[in-house]
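There are 2 protein chains.
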Amino acid sequence: MSILVVGSVALDSIETPFGHTEKTLGGSATYFSLSARFFAPVNLVAVVGEDFPKKYTEMLVKRNVDIKGLETAAGETFSWKGRYGYDLNNAETVETRLNVFENFSPKIPTEYKRSDIVFLANIDPDLQSYVLNQVKRPRLIACDTMNFWIENKRKTLIDLLGKIDIFLLNEAEARQLVGENNLLKAGKEILKLGPKKVVIKKGEHGVLLFSRVSVFSAPAYLLESVYDPTGAGDSFAGGLIGYIRKSGRFTSDSEIRKGIVYGTVMASHAVEDFSVKKLSSISYSDVQRRYHEYRRLTRF
Amino acid sequence: MSILVVGSVALDSIETPFGHTEKTLGGSATYFSLSARFFAPVNLVAVVGEDFPKKYTEMLVKRNVDIKGLETAAGETFSWKGRYGYDLNNAETVETRLNVFENFSPKIPTEYKRSDIVFLANIDPDLQSYVLNQVKRPRLIACDTMNFWIENKRKTLIDLLGKIDIFLLNEAEARQLVGENNLLKAGKEILKLGPKKVVIKKGEHGVLLFSRVSVFSAPAYLLESVYDPTGAGDSFAGGLIGYIRKSGRFTSDSEIRKGIVYGTVMASHAVEDFSVKKLSSISYSDVQRRYHEYRRLTRF
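Quick mapping for you: the protein sequence lines, in order, are chains R and F. For the first sequence, my numbering begins at 1 and goes up steadily by one. For the second sequence, my numbering begins at 1001 and goes up steadily by one.
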């Protein structure tokens, strides 16, 4: 009963006012996996180049991430170079090198094909569809996207949304997708495009969850220091999808709300250090402790 | 067992992308009173000019606001002209005419001097102190301020804070007051200046409440249409202080959290129409209904 994630594994170089990193582990599938692993076994499908450090694959295996689906291709690993100012909400991309990711065609290993949850991290919607064609009736399909696909692969993306149970996107993408500035209206409009649930991520301002029956608003966990916001969204998705898998109640509104809170907790851990440093070193009791702190923070 | 509020009563001219108004009822004490009246009797102290329309004083009286403390002085009423763009978070002041407000020296009627709650709306901290010297041991003192006083009357303001139970300010003011960008740190720093509780208002992103024992984070109520954000902060304060007065439990953390939610509910009503139009026309059942909707919006 595993979660299948398809996305990127990258080497990130990041600069923030608090420090910088060079070619450290990043990528949507990486953050997702290191977050979801606290709740359920994770099967990862992605591609890296020959330069990908062995210590990273070893670390992932040690953290209970199945990497049979992590292909090594000739060439260099996808790399992203980004910069954040004091306003950590917006990343400035300095350089993107797709490298082996350019010709990525996700092949789902036979053992993965019966995964009951599939998370399609932010990749080309054509590839996301291609993945869905290879798996056997998953019980829940979740999907992320980005502004580039909304602009350039709109039709494919919208066709895909009819098959999606949980669609995640950030607030700017939500506004862009339906041309509506008000997020309450935008969320409802996106539901009409097909997904059963829509999650709008607002960074430090929290998350909105839209379903046919209700809206849920969850503020972010409060932190005194944010060092590196990279991967917050995918860590969030890992907590959300991981918790839903663990609870086993795939359509329960109250369980999905709890999942949103676990996602919030995982994102808050992820941003407290560079790269996946904190996400890969915390324990499940750290996750639980913060979940209970979040309850105290929001209960009335 | 009333609430005493001292602040401004104004004639506002407001322009937003959704319409405009000319010389309609505004002012911090007005919004506060029309919000708090749902929970407890309100005694208003402010000054207006001879031009102040009788229909407004009549409306206030009908809404259960005691206006014995509303002085009429020779000259014109304080008027504010403001403009909002599509980003309704920031008002641009086109013109401020202090008029009779310039020489406002709040005189507290004898019947008001035993009010057990005092709300010092955003006026000169010298006047706020002057008010406190006239009242007899209130059980709770709450106070608002603005960037101008933080900059120009810093010492008076900080001296005052030692007497304050609940100090309200918006996020930019909080950052400015203690020179700290992170709101969690800023809230804790402000507590050190003396107030027992600090409320940081974040507009559409909700509210943070800091006390010695806990932090509470409340997202805003979600609205499809915001027409005029003027007075949102004072309407919030009215709901918060009003509810605390009604509950009678002036120091209970859980009651103050509920007050924060009632404040959020009142602010959400206030911004759904121009001036005090909606705030003056809703009923208590509208308030209660939205309180329960907010619970559904945030519960997990």
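Think of the CB as a built atom: it goes at the ideal place given N, C-alpha and C, for glycine as much as any other residue.
Tell me, please, whether the CB atom of residue i is closer than 8 Å to any CB atom in chain F?
i	result
K54 (chain R)	no
P219 (chain R)	yes
K319 (chain R)	Chain R is shown from 1 up to 300; residue 319 (chain R) falls before or after that span and cannot be answered.
R296 (chain R)	yes
R289 (chain R)	no
Interface residues of chain R around residue i at Cβ under 7 Å?
i	result
L1222 (chain F)	L184, V215 and S217
R1257 (chain F)	F300
When we look at the beta-carbon of residue i and count the other beta-carbons within 10 Å, is it buried (16 or more) or exposed?
i	result
H292 (chain R)	exposed
K1201 (chain F)	buried
E1173 (chain F)	buried
D1126 (chain F)	exposed
F1148 (chain F)	exposed
K245 (chain R)	Reading off the sequence, residue 245 (chain R) comes out as Arg, not Lys. Flag for R245 (chain R) reads buried.
G82 (chain R)	buried
T1093 (chain F)	exposed
S1214 (chain F)	exposed
Y243 (chain R)	buried
R1037 (chain F)	buried
N1181 (chain F)	exposed
N99 (chain R)	buried
K113 (chain R)	exposed
Residue i touches chain F at which residues, Cβ-Cβ below 9 Å?
i	result
Y284 (chain R)	Result: empty, since nearest Cβ-Cβ is about 20 Å, beyond 9 Å.
Residues of chain R with CB closer than 9 Å to the CB of residue i, please, in chain order.
i	result
V1261 (chain F)	F300
So which residues of chain F does residue i contact, with C-beta pairs closer than 7 Å?
i	result
H205 (chain R)	H1205
Identify the contact partners of residue i in chain R, using a Cβ-Cβ distance below 8 Å as the criterion.
i	result
N1305 (chain F)	The requested residue 1305 (chain F) does not occur in the structure, where chain F is confined to residues 1001 to 1300.
Can you grab the Cα-Cα spacing for the pair residue i / residue j, in whole Å?
i	j	result
I1117 (chain F)	I1003 (chain F)	5 Å
A1091 (chain F)	G1203 (chain F)	12 Å
F1052 (chain F)	E1076 (chain F)	8 Å
S1129 (chain F)	L1070 (chain F)	19 Å
V287 (chain R)	K1192 (chain F)	30 Å
L1088 (chain F)	P1229 (chain F)	7 Å
L209 (chain R)	S115 (chain R)	24 Å
I67 (chain R)	H205 (chain R)	34 Å
G1233 (chain F)	T1145 (chain F)	11 Å
R289 (chain R)	R296 (chain R)	11 Å
L183 (chain R)	K1107 (chain F)	46 Å
K1153 (chain F)	N1170 (chain F)	17 Å
I1190 (chain F)	C1143 (chain F)	13 Å
E1050 (chain F)	L1223 (chain F)	38 Å
K277 (chain R)	Y56 (chain R)	11 Å
K155 (chain R)	G179 (chain R)	15 Å
A10 (chain R)	T110 (chain R)	24 Å
V207 (chain R)	E1058 (chain F)	44 Å
Quick test of your reading: residue i and residue j, contact by CB under 8 Å. State the CB separation rounded to the nearest angstrom.
i	j	result
A1218 (chain F)	I1260 (chain F)	5 Å
S1008 (chain F)	F1078 (chain F)	6 Å
F119 (chain R)	A237 (chain R)	6 Å
L44 (chain R)	S33 (chain R)	5 Å
G231 (chain R)	G194 (chain R)	27 Å between Cβ atoms; not a contact.
I1150 (chain F)	L1157 (chain F)	7 Å
V1226 (chain F)	V1271 (chain F)	5 Å
S13 (chain R)	G239 (chain R)	Not really, about 26 Å apart at Cβ, beyond 8 Å.
T21 (chain R)	S275 (chain R)	6 Å
S1247 (chain F)	A1267 (chain F)	Not quite, the Cβ-Cβ distance comes to about 19 Å (not below 8 Å), so this is no contact.
D253 (chain R)	S211 (chain R)	6 Å
R139 (chain R)	F250 (chain R)	5 Å
I256 (chain R)	H269 (chain R)	Their Cβ separation, rounded to whole angstroms, is 20 Å, which puts I256 (chain R) and H269 (chain R) out of contact at 8 Å.
Using a Cβ-Cβ distance under 8 Å, would residue i count as near chain R?
i	result
K1201 (chain F)	no
K1246 (chain F)	no
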